[in-house]
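As they're listed, the protein sequences go chains A and B.
First residue of the first sequence? That's 135 in the numbering used here, and the numbers climb one at a time after it.
First residue of the second sequence? That's 2 in the numbering used here, and the numbers climb one at a time after it.
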Amino acid sequence: MTSLILNKTSIDLVEYTTFSAGYQLGVYDLREAHGALLSVRIKNFSSPSPTFACNAYICISYTDDEVDDPPIEFGEIVFGDADNCWFSFTTLYGTVSANDERNFPPIEIPAAVQHVAVVFNDVLNGVVGVEAKLSAVYVVEDE
Amino acid sequence: MVDFTLEKTSIDLIDAVVVPSGGSTWAGQDMRTAHGGILSIYIANGWPASGESFIVPMTVYVMLSHNSGETPVVTYVPGTNWFTFATLYGNTSNGKAISFPPIEIPDAAQHIGVITKFNYGASVTVTAKLSVVEKVVSE
Numbered sequence: 135m136t137s138l139i140l141n142k143t144s145i146d147l148v149e150y151t152t153f154s155a156g157y158q159l160g161v162y163d164l165r166e167a168h169g170a171l172l173s174v175r176i177k178n179f180s181s182p183s184p185t186f187a188c189n190a191y192i193c194i195s196y197t198d199d200e201v202d203d204p205p206i207e208f209g210e211i212v213f214g215d216a217d218n219c220w221f222s223f224t225t226l227y228g229t230v231s232a233n234d235e236r237n238f239p240p241i242e243i244p245a246a247v248q249h250v251a252v253v254f255n256d257v258l259n260g261v262v263g264v265e266a267k268l269s270a271v272y273v274v275e276d277e
Numbered sequence: 002m003v004d005f006t007l008e009k010t011s012i013d014l015i016d017a018v019v020v021p022s023g024g025s026t027w028a029g030q031d032m033r034t035a036h037g038g039i040l041s042i043y044i045a046n047g048w049p050a051s052g053e054s055f056i057v058p059m060t061v062y063v064m065l066s067h068n069s070g071e072t073p074v075v076t077y078v079p080g081t082n083w084f085t086f087a088t089l090y091g092n093t094s095n096g097k098a099i100s101f102p103p104i105e106i107p108d109a110a111q112h113i114g115v116i117t118k119f120n121y122g123a124s125v126t127v128t129a130k131l132s133v134v135e136k137v138v139s140e
């Protein structure tokens, strides 16, 4: 008799950090994983609150090899690039309200996804705290 | 051909616990080797004491942890150890019971936590039942 259980790996895709311009990026290779679960949060501060909200762009790559980070040009993610093959999976929108905190429900990443990335971007004129944690699933035999 | 079946375990995560006004109850479950689960939550409002009224309803927070170690102490404050999975709101109707729709726990969840907060003016009885898919077994 064989019995199969799951072995899960925790990844700090983007460790909690604060920033006020530019972007924060995390990428993880899921080529051998049976899917994953992603939690994201965005926390605004006051004095000043941002005039442009921080958004979290969840991206997936179809590349069945190692992959470069999603290219970001002039502050925008370049999707569909032939070399990288990054596409949008979903976007989580922050706000410009002072002290607002977005604790998004977890996002299920399907088993067929080969690479996942999170890009926190767009914030301007205010500080935000961001964090993204991932649990990736692998199947093992119960011994 | 080999047949595979699922092995499931029922867990009384919170077993009809009476949470007094201003109180809280919580429980966590290690899901690190599990193939997901399903969670049902039922709350039943009590009655306020004579001369008092039910002011603030109970909120039930279902939390998710990505920790690869043991289940951390459950908190409803997101960040680091716990992240928000779902938030369920009660009401202030005296004696009113709510059975919430079940919440499917994905395979990748490492720990699940349930914590109640904020009921003021009356007690609330809380039940949280979990079915965990423990393993896939060949006959």
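Backbone N, C-alpha and C define an ideal beta-carbon position, used for all residues, glycine too.
Counting the other Cβ atoms within 10 Å of the Cβ of B:Asp4 gives fewer than 16, which makes it exposed. Contacts with chain B at 8 Å (Cβ-Cβ) do not include A:Ile192.
Below the 7 Å Cβ cutoff, chain B contributes Thr85, Phe86 and Ala87 as neighbours of A:Pro239, in chain order. Closer than 8 Å to the CB of A:Val271 there is at least one CB belonging to chain B.
Listed by position along chain B, the residues whose Cβ is nearer than 7 Å to that of A:Gly169 are Asp108 and Ala109. When secondary structure is reduced to three states using DSSP, B:Leu65 falls in the strand class. The beta carbon of B:Ser54 sits closer than 6 Å to the beta carbons of Gly122 from its chain, once the five residues preceding and following it are set aside; these are given in chain order. Less than 8 Å divides the Cβ of B:Phe119 from the Cβ of B:Met59. Within the model, the alpha-carbon separation for A:Gly160 versus A:Glu277 is close to 34 Å. Leaving aside the five residues that flank B:Trp27 on each side, the residues in its chain whose CB is nearer than 6 Å to its CB run, in chain order, Val75 and Ile116.
For A:Ala170, DSSP records a beta bridge to A:Ile243 and A:Ala270.
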